[in-house]
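Taken in order, the sequence shown gives residues 87 to 234; the numbers are from the working numbering. A virtual CB, placed ideally from N, CA and C, is assigned to each residue, including glycine.
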Amino acid sequence: MTEAFPNSGEAIAFAVEDLGRLLRRRIDNVLSNEALTRPQWRLMAYVMREPGLSQTLLAERLELARAATGATVDQLERIGLIERRPDGDDRRIWRIYPTPQAMALLARLRGFSHNVLGDVLHGFEPDEIALLAEQFHRLIGNMQEPDR
């Protein structure tokens, strides 16, 4: 505990916020080398995890308006990282898929991701990492419970 944050809960909240800020900064630097923004990368990550999502479901997953999601899909489609394909059952629905170019980009960025995680977890023993992961999952679970 520090003088500025005598409450350990406050210290944890600030540490989580600081870690998130530092990670975002590092990610932004790498993505700028690939001519991508973080929102574009985030959308691509969902498309790679769940190829064939509709644009509406993608907007829900990203917690964005459909128009904002559509604009990002348009940008990524123009640069060849994703493609729209018609739904087999409903002509109104377009499914979003990563392109081979996106998969190659993912392979490059995975190496970066491992390096960043190595930096973040430097000096931690495997059992400490497992405990930290468990505790973060508990924190996330607490925040996902309604009316808590």
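With DSSP run on the structure shown, which of helix, strand or coil describes residue i?
{"i": "P232", "result": "coil"}
{"i": "E42", "result": "Missing from the structure shown is residue 42; the chain here goes from 87 to 234 and no further."}
{"i": "I98", "result": "helix"}
{"i": "M87", "result": "Below a pLDDT of 50, predicted positions are generally treated as unreliable, and M87, at 47, falls in that range; the measurement from the model is reported next regardless. In this structure, M87 counts as coil in the three-state DSSP scheme."}
{"i": "E149", "result": "coil"}
{"i": "N115", "result": "helix"}
{"i": "R177", "result": "coil"}
{"i": "N93", "result": "coil"}
{"i": "I226", "result": "helix"}
{"i": "Q221", "result": "helix"}
Name the one or two DSSP bridge partners that residue i has.
{"i": "I182", "result": "L139, R170"}
Would you give the residue range spanned by the alpha helix (DSSP H) that residue i belongs to?
{"i": "L122", "result": "L122 -> no alpha helix (DSSP H), and no H or E assigned at all."}
I'd like to check one pair, residue j with residue i: are the Cβ atoms closer than 7 Å?
{"i": "I182", "j": "L144", "result": "yes"}
{"i": "M186", "j": "M134", "result": "Strictly speaking, residue 186 in this sequence is Pro, with Met absent from that position. Not in contact: P186 and M134 (Cβ atoms no closer than 7 Å)."}
{"i": "T123", "j": "Q141", "result": "no"}
{"i": "L225", "j": "I215", "result": "no"}
{"i": "Q221", "j": "L162", "result": "no"}
{"i": "L129", "j": "T158", "result": "yes"}
{"i": "A237", "j": "L218", "result": "With the chain covering 87 to 234 only, the question about residue 237 has no answer from this structure."}
{"i": "Y132", "j": "R152", "result": "no"}
When you measure from the CB of residue i to every non-hydrogen atom of the ligand FMN, does any distance come out below 6 Å?
{"i": "R135", "result": "Among the components of this structure there are no ligands whatsoever, and the ligand FMN is therefore not found."}
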